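So the sequence shown is numbered by my numbering: it starts at 11 and just counts up by one. Notes follow once the structure below has been shown.
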Amino acid sequence: MPVISKQDKQRKEEEEFRIKLSIVFYELAFHFNPHYCVEACNNLGVIYKDRDNLNKAVECYQVPIMVIV
11 MPVISKQDKQ RKEEEEFRIK LSIVFYELAF HFNPHYCVEA CNNLGVIYKD RDNLNKAVEC
71 YQVPIMVIV
């Protein structure tokens, strides 16, 4: 089992915090302005795709299509 340094662990925790905070802000952007937040939906889709949550990613990618139609 590889040894993880304290700094590596702290960096991972900070990165996870930033990602979670990004998700919150992108969801707030969509909530308050659903017709003009295509970029927020795309960014959320990318985050969820990178985290292997493909169902949620597809939902995010489909939202702007449903808002436009």
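Glycine included, every Cβ here is placed at the ideal spot set by N, Cα and C. Everything numeric in this text was worked out from a predicted model, so none of it was measured.
- Our two residues, E69 and F27, have alpha carbons roughly 23 angstroms apart in a direct line.
- By the neighbour-count criterion, in which 16 or more other beta carbons inside 10 Å mark a residue as buried, V13 falls on the exposed side.
- Approximately 4 angstroms separates the beta-carbon atoms of Y58 and A67; this is inside 8 angstroms, confirming the contact.
- Rounded to the nearest whole angstrom, the CA to CA distance from V56 to V34 is 14 angstroms.
- Following the DSSP letters along the chain, one finds Y36 inside the alpha helix (DSSP H) bounded by residues 16-42.
- DSSP places C47 outside any alpha helix (DSSP H), giving it a letter other than H or E.
- Collapsing the DSSP output to three states places D62 in coil.
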